[in-house]
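Line by line, the protein sequences give chains W and E.
For the first sequence, this note's numbering begins at 1 and goes up steadily by one.
For the second sequence, this note's numbering begins at 1001 and goes up steadily by one.
Backbone N, C-alpha and C fix where the C-beta goes; we use that ideal spot for every residue, glycine too.
Only one structure is covered here, and it is reproduced in the block below.
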Amino acid sequence: MEYTNANPSPVKEYILSVLARNRSGVLLRIAGLFSRRCYNILSIVAAQTENTKFSRILIVVSGDDRIIRQVDKQLSKLIDIVQVDVLPWEDAVVREHVLMKVKRTVQNSEKLVEMANVFRAKILNVEPDSMILELTGDAATINSFIELYNPYGVLKILRTGAMAMLK
Amino acid sequence: MQLTGAQIIMECLLEQGVDTVFGYPGGAVLNIYDALYEYKDKIRHIRTAHEQGAAHAADGYARASGKTGVCIATSGPGATNLVTGIATAYMDSVPMVAITGNVNLNLLGLDSFQEVDITGITMPITKHNYIVKDVHDLADILREAFQIAQSGRKGPVLVDIPKDITAHTCEYVPAEPKPLFEEPFPIEERFEQALQLLNASEKPFVYCGGGVISSGAADALNTFVDKLDAPVSCSLMCQGGFDQENPRYMGMLGMHGTNTAALAIKNCDLFVAVGTRFSDRVLCNAGLFARHCPIIQIDIDTAEFNKNIDVQLKMKGDAKEILEKLNSLLEKREHKEWMDSIAAWKKEYPLQQKGEKEDDVLPQEVLETLSRLTENSAVITTDVGQHQMWAAQFYTFRSPRQFLSSGGLGTMGYGLGAAIGAQIACPEKRVINVAGDGSFHMNCTELATAAAYNVPMIELVLNNSVLGMVRQWQKLFYGWRFSQTDLDPNTDFCKLAEAFGVKALRIAKKEDIEPVLKEALNEKGPVLIDCLISRDINVLPMVPAGASVEDPILEM
């Protein structure tokens, strides 16, 4: 019998929910670990939890199974990290948040508002030549939202990484 | 009682049973050094010539004694000079606490004189690090630092302390050292699976790494391989973790392993790895390593499973405890045929060295003579290069903590500082640093420390006036183009040693070997031996890059 290294599984995106002690430098420790071990961070969201002694950090990583297991284990070794969970997409509610400034003209104004309503996006600000929209949703929804506005002229996009919570 | 931060540091060191520290004074640690003056009856401070030497000495002290090594440096350049030493300890999982001074709190972040962000710099090379911003946190941080350094897979922890914190006062309440973190133990099912594999094996191979030494598993290992009736190979980090006079011992495995170990891995039907991380220097080509048989890996660090190679059975926990439990479950096995073939290979492929001329001083003879004269009981430290491999190959190590070498980081210049630390940890033992002339050049300043404290260690420089290991690679893969590896005209090491106040001896010909070594071993203070060897002796066997560990080059 041949004992080979397991074939790498396809590269996928994984979402890690990391509970860390809220100490200075903890984000640097995490980011440093990713960079020196050559793991890819696609997005990262960090904030205090309901208990101010802890932070919750959500990281979207791309890699195969093997890499994700390594990320999990290496992260778990950091002293300030309390828990690491690899969230299965299907069992989690995943949300991203986007702020988008689009070009506005008198002619297309109505159309822009109509499209925002379809997505149930909020209009935060309107200027004579631009407007700022806000949307929360999963990555696919936000992607198609942005795509829809592209022909009208997108001036600026601010997008958070994914936040996720187990159902 | 109200104490200053500096006094609290002293009290916390005493809580941990620390009686020796290595370091170098400077502006940001003036208060700490003032406290060291006050506590000099309880804590001995060894001042090295350079902070890197202090870090290596603390490391050598830790490896030789099993205790946590402590080093102290000032802010800025003092702290950065520790970095190579900390990284060395990190790669080899050596428990160490490094204390650095920093500028006053209100000067942090302002590019102040001798300010450096040492916690940022050392993040990738410590298990954890701290900067203390309130004297009230100081004692607990120091206690945690020792707890982290010693728990699980051991390693260095750095505590950075701004100068004013060492002057601030607060109430000091003594405390016992914190208990080590609890480590998980494999579930019963894993032991059942292990027993199945062990009982099914007719040709088992037991391979050990540094974890055997750091967990104190040598005795349990001995029982285990007797019960299993298996041959044993050790990594560089496990030299002495298994008695090398035991007929089961096959020598090292990996890039400069023995042909016996290579043949055994080719033919075994089960590979049991204890306390080891499958470094690339052992695996050589991971895709061609023991692919025909299952692997059991015992290790305390779960991140080492399936990192460099996939294994079939993972047992996470302390090597000693796991081996002891396996010993209690395992029935005595017998593999006479297998052990006979191991013995035959050992006979057929002994490690041996040939010179170009008959009267060449051969490192093999130097080290074998040293081994005999010290009754195989000296503590040998090394630098990095050919001499390091020769020391591992030709000195006969019989017990743990006898061979101290920078395996993971491969730090040239490690050995002299480490030897000073080891000699201070073990005053009753003979300590010899086997160095090459290239490595010795890097940190030869530490001869000043050996002389100042009259540390009776021997610095044995195998001097070939070339960077021998790099030269060997240049011969093999770069068409004999010796780019920057020729060190002639070389330093006169005997004169250098004498300038430091260190006795110097020279081995220039074969007949000198035994009398000079004897003379050095009779000295009560530091001695340097300049041992002149040919520049074209190669380290063999050798597995070239990309090749399988099963096919070493035996001659070149």
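Original post:
Does DSSP put V11/W in a helix, in a strand, or in coil?
Top reply: coil
**OP:** List the DSSP bridge partners of H1128/E.
**Re:** V1157/E
**OP:** Using the Cα positions of F1394/E and G1155/E, report the straight-line distance between them to the nearest angstrom.
**Re:** 29 Å
Original post:
Do the CB positions of N40/W and S17/W come within less than 7 Å of each other?
Top reply: no
**OP:** Scan the segment 1143 to 1162 of chain E for residues whose Cβ lies nearer than 7 Å to a Cβ of chain W and list them as they occur along the chain.
**Re:** Answer set for the segment 1143 to 1162 of chain E: I1148.
Subject >> Residue range of the unbroken alpha helix (DSSP H) whose run includes P1515/E >> reply: 1513 to 1522
Original post:
Taking contact to mean at least 3 C-beta pairs separated by less than 8 Å, is the segment 16 to 31 of chain W in contact with the segment 82 to 101 of chain W?
Top reply: yes
**OP:** Give the secondary structure of K1495/E by DSSP, where H, G and I count as helix, E and B as strand, and everything else as coil.
**Re:** helix
**OP:** For K122/W, collect the residues of the same chain with a Cβ closer than 8 Å to its Cβ; drop the 5 residues on either side in sequence, then sort them by chain order.
**Re:** A116, L133, E134, L135
Subject >> Helix, strand or coil at I1032/E according to DSSP, with G and I counted as helix >> reply: Three-state DSSP puts I1032/E in a helix.
**OP:** Can you tell me which of Q1150/E, I1187/E, M1542/E puts its alpha carbon nearest to the alpha carbon of Q1472/E?
**Re:** M1542/E
**OP:** Quick one: give me the first and last residue of the alpha helix (DSSP H) that V118/W is part of.
**Re:** In the DSSP assignment, V118/W falls within the alpha helix (DSSP H) that extends over 109 to 119.
Original post:
Pairing CB atoms from the segment 1510 to 1526 of chain E with CB atoms from the segment 1443 to 1461 of chain E, are three or more of them under 8 Å?
Top reply: yes
Original post:
My guess is that S1399/E and G1415/E are in contact by the Cβ rule of under 8 Å, so how many angstroms apart are they, rounded?
Top reply: Incorrect: roughly 20 Å between the Cβ atoms, too far for contact.
Original post:
At what residues does the alpha helix (DSSP H) containing C1012/E begin and finish?
Top reply: For C1012/E, the enclosing alpha helix (DSSP H) begins and ends at 1005 to 1015.
Original post:
According to DSSP, is N1463/E helix, strand or coil?
Top reply: strand
Subject >> E1417/E to L1036/E span [Cα, whole Å] >> reply: One point to set straight first is that residue 1417/E is Gly, not Glu, in the sequence displayed. G1417/E and L1036/E: Cα-Cα distance of roughly 21 Å.
Subject >> Where C1208/E falls: helix, strand or coil (DSSP) >> reply: Three-state result, C1208/E: strand.
Original post:
In whole angstroms, what is the alpha-carbon distance linking D1488/E and S1465/E?
Top reply: Each residue's Cα considered, the two are about 6 Å apart.
Original post:
Any chance the segment 1365 to 1378 of chain E sits against the segment 1017 to 1027 of chain E, with 3 or more Cβ pairs inside 8 Å?
Top reply: no
Subject >> Within 7 Å, strictly: CB atoms of A1055/E and V1097/E >> reply: no
Subject >> Per DSSP, cross-strand counterpart(s) of S62/W >> reply: E13/W, N40/W
**OP:** Return the first residue and the last residue of the alpha helix (DSSP H) that G1572/E is part of.
**Re:** In this structure chain E extends from 1001 to 1556, so residue 1572/E is not present and cannot be described.
Original post:
Would you call P8/W buried or exposed, if buried means 16 or more other Cβ atoms sit within 10 Å of its Cβ?
Top reply: exposed
Subject >> Member of K1178/E, I1295/E, W1345/E, L1351/E whose CA lies at the smallest distance from the CA of C1208/E >> reply: I1295/E
Original post:
Near R1190/E, which residues of its chain fall below 6 Å by C-beta distance, leaving aside the five closest residues on each side in sequence?
Top reply: M1315
Subject >> 7 Å Cβ shell around L1197/E - same chain, five flanking residues per side excluded >> reply: L1270, P1294, I1296, L1313
**OP:** Below 7 Å between beta carbons is the criterion; list the residues of the segment 1297 to 1308 of chain E that meet it against any residue of chain W, in chain order.
**Re:** T1302, A1303, N1306, K1307
Subject >> Alpha-carbon spacing of T1411/E relative to T1084/E, whole angstroms >> reply: 8 Å
Subject >> V1455/E vs I1420/E beta-carbon contact at 7 Å >> reply: In this structure, I1420/E lies closer than 7 Å to V1455/E by Cβ.
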